[in-house]
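Some notes on the structure that comes next.
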Amino acid sequence: MRTHAEIVGWGKHVPSKVLTNSDLESMLDTSDEWIKTRTGISERRIAAAKETSATMASRAAFAALEVADLSPNKIDLIIAATSTPDHLMPSTASLIQDSIGATNAGAMDINAACSGFVYALSVGSGLIAGGSHQNVLVIGTDTMSRILDYTDRGTSVLFGDGAGAVVLRATEDVTGVLSSSLGSDGSGAHLLWIPGGGARHPASLETVQNRMHYIKMNGNEVYRFAVNVMTKASLQVVKDAGLTLDDIELFIPHQANIRIIQSAAKSLKVPIEKIFTNVERYGNTSAASVPIALCEAIEQGRVKAGEHIVLVAFGAGLTWAATVIRWGVPAVAPRLPWWKAILHRFRGQEAAAKSLARRTGRKIPR
Ligand code: COA
């Protein structure tokens, strides 16, 4: 019997600071009206000075582990999808592994930009299907505000910060990830990129003066590419899962631009009610966008056991990725049993204990 990887835990973290379109009006030559009508975005979250891709990811991971009722030391592997790692080296996943106390886990990053979470989900589920892994933590996390040029109105209004995580667990049931498709067209690398800071143009006075450490983008080209690959990849994974579009109850697309999402829906002939969006409140959080949207779809009661969901994303590379999931577990908002913090501490999982205590607003008795 084939082993499948099902999602048994989920969690998100977004910074508390909100940057609204009217805030941006006072920083740039832009308007709330332009941003809303061209992108659908009203506001986005911005990381506090001490927040990073690793810290946000750790908080999302704790939330996901709580839902899965899984101790961090039971995780075999952490895959962090990010294009804003805390450092070029070591991986952000290793920092997360240490901070959540996942003492038995391997750790690695995947950089497929905004497609990263769906790529990571495919890799994690493949390792589970192959039999070598039981529990894999898959995270999408990005601190886009650190790589945005707030003098460039063409890019800085689009992105925000955040993290989302899921726990994948091996199951013999035909549930979880049913099919995946990953794609890349590197000939479009320069359409969405950060030219400086890597091995080709290492950080120097010149790269800093030329603002080469910020995102550069050709918005129109990326837009055309996005609609095309979202359609293509969705059709592919639905076919590979042995399903038709009518069998899909919910589409969770990468939240980059409401117009891209609407155009893809139109080209797929999928009613807009079947498509989850939250781009209005978070903007494009890159690799975090799909898992944050998944968490919010669950919070809103839009995910039910037995239903089929398509996750589809596109991003720098250029890359794209899609997957079909048959949801297997009750998708209810987790209750946070504060007393479990005592259990975590008793087991030596101090970081998990503190995270739960913070989220429940309770002190752990000594
Ligand atoms: N505020 C006001 N005006 C702006 C602006 C802003 N924030 N950004 C650009 N403009 C201006 C342009 O300078 C241009 O002015 P001009 O006609 O005087 O030259 C005008 O608005 C139209 O620009 P254009 O780029 O044609 O707008 P658009 O309708 O294509 O929308 C994007 C631009 C970026 C919103 C759109 O192309 C897009 O979403 N692309 C995909 C980007 C994306 O998703 N990237 C991430 C992928 S993971």
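If you read the sequence shown in the numbering used here, its first letter stands for residue 4, the second for the next number, and so on.
C-beta atoms are modelled at their ideal positions from N, C-alpha and C, and glycine is treated no differently.
All of these numbers come straight from a predicted model, not from anything done at the bench.
When 56, 4, 12, 83 are compared, the shortest CA-CA separation from residue 150 is found for 56. Taking the Cα positions, residue 193 is about 19 Å away from residue 211. In this structure residue 84 is not in contact with residue 196, their Cβ atoms being roughly 17 Å apart against a cut-off of 8 Å. In the same chain as residue 33, and ignoring 5 residues on each side of it, the C-beta atoms closer than 8 Å to its own belong to 24, 27, 156, 160, in chain order. Cβ atoms of residue 297 and residue 255 come within 8 Å of each other, at about 6 Å. Taking a 10 Å sphere around the C-beta of residue 52, we find fewer than 16 other C-beta atoms and assign the residue as exposed. Boundaries of the beta strand (DSSP E) around residue 182: 179-187. Cβ atoms of residue 240 and residue 183 come within 8 Å of each other, at about 6 Å. Under the rule that a run must span 4 or more residues, the alpha helix (DSSP H) segments found entirely inside the segment 278-346 read 282-285, 292-302.
Residue pairing by DSSP places residue 236 in no beta bridge whatsoever. Annotation: the continuous alpha helix (DSSP H) that includes residue 127 extends over 119-132. At least one heavy atom of ligand 1 lies less than 7 Å from the C-beta of residue 42.
Listed in chain order, the non-local C-beta contacts of residue 308 below 8 Å within the same chain comprise 330, 331, 332, 333, 334, local neighbours out to five positions each way being set aside. Looking only at 111, 106, 303, 74, the smallest Cα-Cα distance to residue 88 is reached by 111. For residue 34, the CB falls within less than 7 Å of some heavy atom of ligand 1. Of the residues 6, 257, 357, 356, the one whose Cα lies closest to the Cα of residue 178 is 6.
Residue 106: not part of any alpha helix (DSSP H); DSSP gives it neither H nor E.
Residue nearest to residue 226 within the set 42, 91, 14, 359 is 42 (criterion: CA-CA distance). In terms of side-chain proximity, the C-beta atom of residue 120 is found no nearer than 7 Å to any non-hydrogen atom of ligand 1. One Cα belongs to residue 214, the other to residue 122, and the distance between them is close to 29 Å.
Excluding residues up to 5 positions away in sequence, 253, 297, 300, 312, 330, 334 lie with their Cβ nearer than 8 Å to the Cβ of residue 306 in the same chain. Annotated as proximal: residue 140 and residue 64, with beta-carbon spacing under 8 Å. Within a 10 Å sphere around the beta-carbon of residue 15 sit 16 or more other beta-carbons, which makes this residue buried. Ligand 1 approaches residue 226 closely enough that one of its heavy atoms is under 7 Å from the residue's Cβ.
Per DSSP, reduced to three states, the secondary structure at residue 17 is coil, with no helix or strand assignment.
One alpha carbon belongs to residue 231, the other to residue 11, and they sit about 32 Å apart. For residue 264, there is no enclosing beta strand (DSSP E); the residue is part of the alpha helix (DSSP H) that begins and ends at 261-271.
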